[in-house]
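These protein sequences, in sequence, are chains A and B. The numbering of the first sequence is my numbering, which starts it at 5 and goes up by one. The numbering of the second sequence is my numbering, which starts it at 4 and goes up by one.
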Amino acid sequence: MSSDAAIVPSSLSIKDLPWQIAWDLDKCTLCGKCTAICPVHAIEPAVFRKRVMDTSAGVKARPENRFQTYYGIRQKTAPAYHCVGCAMCAMVCPNDAIMPMRTDEADKLKFHINQGGEPERRGGRRNIAGGVLDQIKFIRISMLTDPALDAGRHEFEVRTLLGRVLAPEDNIRFVREHGWIPPVREIYPLIIGGMSFGALSPTMWEGLQMGVAYLNEELGMPVRISTGEGGCPPRLLRSRFLQYVILQIASGYFGWDEIIHAIPEMKVDPCAIEIKYGQGAKPGDGGLLMWHKVNRLIAAIRGVPPGVSLPSPPTHQTQYSIEESVAKMIQSMYMAWGFRVPVYPKISASSTALAVLNNLTRNPYAGGLAIDGEDGGTGAAYNVSMDHMGHPIASSLRDCYLNLVSVGQQNEIPLFAGGGIGKNGNLAANAAALIMLGASGVQVGKYIMQAAAGCLGSETARCNICNIGLCPKGITSQDPRLYRRLDPEDVARRIVDVYVAFDTELRKIVAPLGRSTALPIGMSDALGINDAAVAERLKIKYVV
Amino acid sequence: MCRLFAIASDTPVSPMMALNALDVMREGHDGSGVGLVLRDLGGPFEEMKDAPILSGIFTESGIKRLDAYMIDIGFLTKYRITIKTPKIPPPGTPRRDIYLIRAYEYPEEWENLSEAEKHERLVRLRLSLQEMGREQKDMIVFSFWPDTITIKEIGDPLTVGNYLELGDKKLNARIILAQGRQNTNYAIDLYACHPFFIQGFSTMTNGENTAFVPIREYLMSRGVPGYTGFYSDSEVFVHILHYTFTRLGLGIDAYKHIITPLQDDALQEHPDGMFLKQLKHCCRKLIIDGPNCVIGVMPDNTLFMTQDRKKLRPGVVGGGPGMYVMSSEICGLDAALPQRNKKNDFQPMHLDTVVIDPARREVKICHQMQRLSHLH
Chain A
5 MSSDAAIVPS SLSIKDLPWQ IAWDLDKCTL CGKCTAICPV HAIEPAVFRK RVMDTSAGVK
65 ARPENRFQTY YGIRQKTAPA YHCVGCAMCA MVCPNDAIMP MRTDEADKLK FHINQGGEPE
125 RRGGRRNIAG GVLDQIKFIR ISMLTDPALD AGRHEFEVRT LLGRVLAPED NIRFVREHGW
185 IPPVREIYPL IIGGMSFGAL SPTMWEGLQM GVAYLNEELG MPVRISTGEG GCPPRLLRSR
245 FLQYVILQIA SGYFGWDEII HAIPEMKVDP CAIEIKYGQG AKPGDGGLLM WHKVNRLIAA
305 IRGVPPGVSL PSPPTHQTQY SIEESVAKMI QSMYMAWGFR VPVYPKISAS STALAVLNNL
365 TRNPYAGGLA IDGEDGGTGA AYNVSMDHMG HPIASSLRDC YLNLVSVGQQ NEIPLFAGGG
425 IGKNGNLAAN AAALIMLGAS GVQVGKYIMQ AAAGCLGSET ARCNICNIGL CPKGITSQDP
485 RLYRRLDPED VARRIVDVYV AFDTELRKIV APLGRSTALP IGMSDALGIN DAAVAERLKI
545 KYVV
Chain B
4 MCRLFAIASD TPVSPMMALN ALDVMREGHD GSGVGLVLRD LGGPFEEMKD APILSGIFTE
64 SGIKRLDAYM IDIGFLTKYR ITIKTPKIPP PGTPRRDIYL IRAYEYPEEW ENLSEAEKHE
124 RLVRLRLSLQ EMGREQKDMI VFSFWPDTIT IKEIGDPLTV GNYLELGDKK LNARIILAQG
184 RQNTNYAIDL YACHPFFIQG FSTMTNGENT AFVPIREYLM SRGVPGYTGF YSDSEVFVHI
244 LHYTFTRLGL GIDAYKHIIT PLQDDALQEH PDGMFLKQLK HCCRKLIIDG PNCVIGVMPD
304 NTLFMTQDRK KLRPGVVGGG PGMYVMSSEI CGLDAALPQR NKKNDFQPMH LDTVVIDPAR
364 REVKICHQMQ RLSHLH
């Protein structure tokens, strides 16, 4: 900044930014790759003027004062161009000459990232690290009283149920009397949670679908994937692969015109219908696809004009009460597929989750309940919703499970937990903990993006620009120049890696607990934690 | 690992036969308990098959409270066996005042009740006696049921048997379940001692049920008064058996499909696959896990043995028409029936349920891949 430039309230120095670019003049080859790849144009090539003092030791020569120039990288400080820390510059640099560094104090950008009165919006998840799931340990190890099972050699059946399970007495009676028995799917307990076509790039979506198809058809793992709210590509709707897909309907109903019209042409039924009422990342707020990402393809699938932002309403606008929202909507969706497809709601974890659950216990059609905790991810949301709204998944799920136990319906309405599972990379341990707290299965999204596609986002405000379509890895972009970086085959291969490794790790957890015949849902005696208050709250053992 | 021994005999035999067999298998039990269930009784009880028999351990004050309570309801003593014990019990066995085996006559107002109603009331009565006993620590009630005697005590099985003089001629039965306990619970509690009993169903187990907590939660939420206690992780086996028969109306060949269902590929080939898939789904919370050999008896005195999904525990059946024996180990079988045709010994594997019906003419094997009998 020049000495006479005006300082405005939002004038920031590099020190004030959350990420600062460390650049090494000696190593830099001036190739320009870093400035070309930076998704937010936070750095630019620049010419620097530099004064050099020449103090030769000679008798005749006088010390002199010269000006030189050199070429290098300049970091912009305007809030609109702040570095997001994605470190793509470091990735492409041939000489390791550049890298973003996290500031050593709370940044000042946070106070200015509302220019024009527009609060910060971003992708990713709650920018708060840690969580209770990683602290839970599995303490009931079979020792001499019973042989621990062999995770590598014993048979295991890692399966769960999705759909309304009847009470045994009713089920047997209905079999005898040829009554209607709600459809139930036997699926793998790790579900890829709703990430829409639109939020994700076409290559990412294709990779996910290919990976899921491979897991099902080659490895015999009944993995299911939710579409999120954004419809489903027409060819997928008319293919046999639809059976691996959970179609999500949410308050914007995006894509459902296409889906409804495809029903007569469907070769197979979808796995299930998920009615999204809420999302852990932004509870009480609807889905959001910002205009940057609404190109012609996305617009066509969603049935909207291109180039406009698509905020879904926070609630289903056509309904005014829980009876309308839950009972009638569930029934309508059942009817659309001739009562052959399970339908279940997905809600944000909330202190009101129990009320929803109680309503479902009295609804004979509800095929489950998915609960999404505060650590869930999103493609786009207001930062305030992400960081400050929501309820942790562990206690919300536990309350719901114990409530089902108290009414004796713990096997009837499967609970699926989401939100922050694998947040710190411990996918199997987090999933197993939630299953033993009462979940029938878990939903993951962010972890899949990170593990299968190399998403760079983190809880220290790194990257998180999924909302504006500039994903430097091409995962959440609709710009072909960006999403061409992602090869669907590679994504599919990584999905398979993730599931096969998860399966081994899950067995390594449940086998020592003496479990293999059935998923240890609600096996809370196996859990312990080094925190008395949490132990009491979750009704698990306190261990020190 | 505990040791199990069961007898099904046309002629009543002494429980000492079972205790002698347990003694041969003594390395498998540690003196933390012995339990006996006798059914289809011989001797003096032969003439009173319908009279409910109360079995338990009482203090002097406990028996007075019991008498007052039972008389108040209208139960009159019909017959009793007095067990006289030496003043000094064997090492490890506590000194007790009274081991009670007492047959009652139903109160007059029960006469017109249906069988089912009587059975419900008997369970509630047993539970309230147990509750009274827990409050004052003066009564332990094991069973209160017609044609059934239960004896449990801490100590080495054979020593306890001799101490309680169980060789007494008055005490014999056609069906005997006996377990010598290897304690893997943290505290030794007589209520945690096998065999467990509810309404004519009784089971004993050699193993550890690692799915105990979710199963217990599920059973307790079924609204059946007798599904309580749960002092042992093995107690759920008898409740699941009771549930299978009384609430689901299924037979013994379905029991194994509930506790250790077939995997999906096997179900697809199974002639009753569609039904069994439904059963597996709706009874998912009753699936057991861990190593277990289960021996049990049904109200009609059918005896059975079944194994966990991986067949991690031993169990063998031997004998001939009129006298069959189930044992954890072959040495137990040898001790009880040395003359049997050993070629007919059978060790059930992971898909088998062995059944000896009340006629006791043959050993039937229900293989889990067979059709279910009652459905067709």
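Where a beta carbon is used, it is the ideal one built from N, C-alpha and C, also for glycine. Owing to the predicted nature of the structure, the values given are computational and were not obtained by experimental measurement.
So which of the options has the shortest CA-CA distance to residue i?
i	options	result
V548 (chain A)	A:Q139, A:G342 and A:P13	A:Q139
D403 (chain A)	A:I176, A:S355, A:R366 and A:N69	A:S355
D311 (chain B)	B:I66, B:P264, B:G323 and B:G77	B:P264
G36 (chain A)	A:R55, A:C90 and A:V96	A:V96
D379 (chain A)	A:R366, A:H395 and A:N367	A:H395
T552 (chain A)	A:F52, A:A101, A:M105 and A:A46	Since the first residue of chain A shown is 5 and the last is 548, residue 552 (chain A) is not available in this structure.
G226 (chain B)	B:I291, B:P274, B:R127 and B:K280	B:R127
A285 (chain A)	A:D535, A:V448, A:P484 and A:V345	A:V448
P268 (chain A)	A:S255, A:A340, A:T231 and A:A133	A:A340
S205 (chain B)	B:I152, B:P217 and B:L193	B:I152
M135 (chain B)	B:S64, B:D236, B:E49 and B:V27	B:S64
G442 (chain A)	A:M270, A:S325 and A:Y405	A:Y405
If we ignore side chains and look at the alpha-carbon of each, how far apart do residue i and residue j end up?
i	j	result
E81 (chain A)	C87 (chain A)	The question names Glu, but residue 81 (chain A) in the sequence shown is Thr. Their backbone Cα atoms lie some 8 Å apart in a straight line.
S205 (chain A)	I479 (chain A)	5 Å
G342 (chain A)	T39 (chain A)	56 Å
D267 (chain B)	K259 (chain B)	15 Å
I176 (chain A)	Y369 (chain A)	18 Å
F233 (chain B)	I417 (chain A)	25 Å
T162 (chain B)	D337 (chain B)	20 Å
L361 (chain A)	V308 (chain A)	34 Å
L486 (chain A)	C42 (chain A)	12 Å
I351 (chain A)	G183 (chain A)	30 Å
P524 (chain A)	L375 (chain B)	28 Å
L180 (chain B)	P361 (chain B)	15 Å
S224 (chain B)	G412 (chain A)	5 Å
Can you list, in chain order, the residues of its chain whose CB lies under 7 Å from that of residue i, leaving out five sequence neighbours each side?
i	result
D529 (chain A)	R144
F61 (chain B)	L69, D100, I101, L103, D141 and M142
A437 (chain A)	L137, I140 and L531
T247 (chain B)	L253, A257, Y258 and I261
M51 (chain B)	K81, Y82 and A106
Short check: CB of residue i to CB of residue j, under 8 Å?
i	j	result
N471 (chain A)	G127 (chain A)	yes
N209 (chain B)	L41 (chain B)	no
M393 (chain A)	T382 (chain A)	no
I77 (chain A)	P98 (chain A)	no
V144 (chain B)	I201 (chain B)	no
V347 (chain A)	I305 (chain A)	no
L166 (chain A)	G372 (chain A)	yes
G2 (chain A)	G232 (chain A)	Residue 2 (chain A) is absent from the model: chain A starts at 5 and stops at 548.
Q79 (chain A)	I102 (chain A)	no
S146 (chain A)	T213 (chain B)	yes
K173 (chain B)	G46 (chain B)	yes
P317 (chain A)	G290 (chain A)	yes
Sort out for me which residues DSSP pairs residue i with in a bridge.
i	result
T80 (chain B)	B:Y107
D355 (chain B)	B:H370
M142 (chain B)	B:F61
R106 (chain A)	A:W23
L292 (chain A)	A:P315
M329 (chain B)	B:A9 and B:V320
V51 (chain A)	A:Y75
So, at 8 Å on beta carbons, what are the nonlocal neighbours of residue i in its own chain, with the 5 sequence-adjacent residues on each side left out?
i	result
L490 (chain A)	S205, T207, M208, G211, A457, K477, G478 and I479
R228 (chain A)	L166, R189, I191, Y192, I195, I196, V216, Y248, V249, I250, C275 and A276
P83 (chain A)	S14, L16, L113, H116, I117 and Q119
Please work out which residues of its chain come closer than 6 Å, Cβ to Cβ, to residue i, disregarding the five sequence neighbours upstream and downstream, and give them in chain order.
i	result
P160 (chain B)	L22, L25, V37 and G183
M453 (chain A)	C459 and I479
H379 (chain B)	The predicted position of H379 (chain B) is uncertain, since its pLDDT is 48 and thus under 50; a value taken from the coordinates is nonetheless stated next. Contacts found: none.
K280 (chain B)	L270
Q414 (chain A)	L408
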